[in-house]
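Numbering (my numbering), first residue to last: 21 to 244.
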């Protein structure tokens, strides 16, 4: 039986043959690729959060600006109301004390606790102001319609009043630095120039302080 089958031939086994190994650079490149993808993902999330935060901050600042401006407007309105109330209370006290007040000097006229003098000469606004100061008075400050009606010129003459533009803001203020609570401009263009005066109708207009000479009205407190 042994002679019937030929011997099987083959190569002898090699004891020292090495198995194939994976390239380590492939793992490195794969790891770097995954890290870059993860970094891009994290960076995208961070940028999105930063953009969202920036937009929210801008919106908050815009709202703060709106609230600040509104607060200033409300404060200015409340201040005007307060000064108006102070003036009304003062006028009421003056009206109640007029009976006990001393008469105004000659050529001065009393009205609601003040003495007024209408000039017969004509000067520039600053010269007229100095003239009133020399008499212990100031150019008239008009605070109400009643006072305006009392002061309305009986003749068609212009009379300087104590209202002048203050710079750098270019706002008309009275000689004592207060902002008018009562206005009586003749029209929208009448307040264009620096120094104000009464026209024949009793309304206000303005012109340059030196170029024209007008009459003027001085005012000082009545002694009560």
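Each residue gets a CB set at the ideal place from its N, CA and C atoms; glycine is no exception.
{"query": "What first and last residue would you give for the beta strand (DSSP E) that runs through residue 216?", "result": "215 to 218"}
{"query": "Can you round the beta-carbon distance between residue 216 and residue 161 to whole angstroms, since I take them to be within the 8 Å contact cut?", "result": "Incorrect: roughly 11 Å between the Cβ atoms, too far for contact."}
{"query": "Need the endpoints of the alpha helix (DSSP H) that residue 175 sits in, please.", "result": "Residue 175 -> no alpha helix (DSSP H), and no H or E assigned at all."}
{"query": "Whole-angstrom Cβ separation of residue 238 and residue 137, contact assumed at under 8 Å?", "result": "5 Å"}
{"query": "Run through DSSP, which three-state label would residue 152 get?", "result": "helix"}
{"query": "Pairing CB atoms from the segment 187 to 205 with CB atoms from the segment 171 to 179, are three or more of them under 8 Å?", "result": "no"}
{"query": "Look at the Cβ atom of residue 236, then the Cβ atom of residue 130, and state whether they are nearer than 9 Å.", "result": "no"}
{"query": "In angstroms, rounded to a whole number, what distance separates the CA positions of residue 207 and residue 78?", "result": "42 Å"}
{"query": "Give the straight-line distance between the Cα atoms of residue 226 and residue 234, rounded to the nearest whole angstrom.", "result": "11 Å"}
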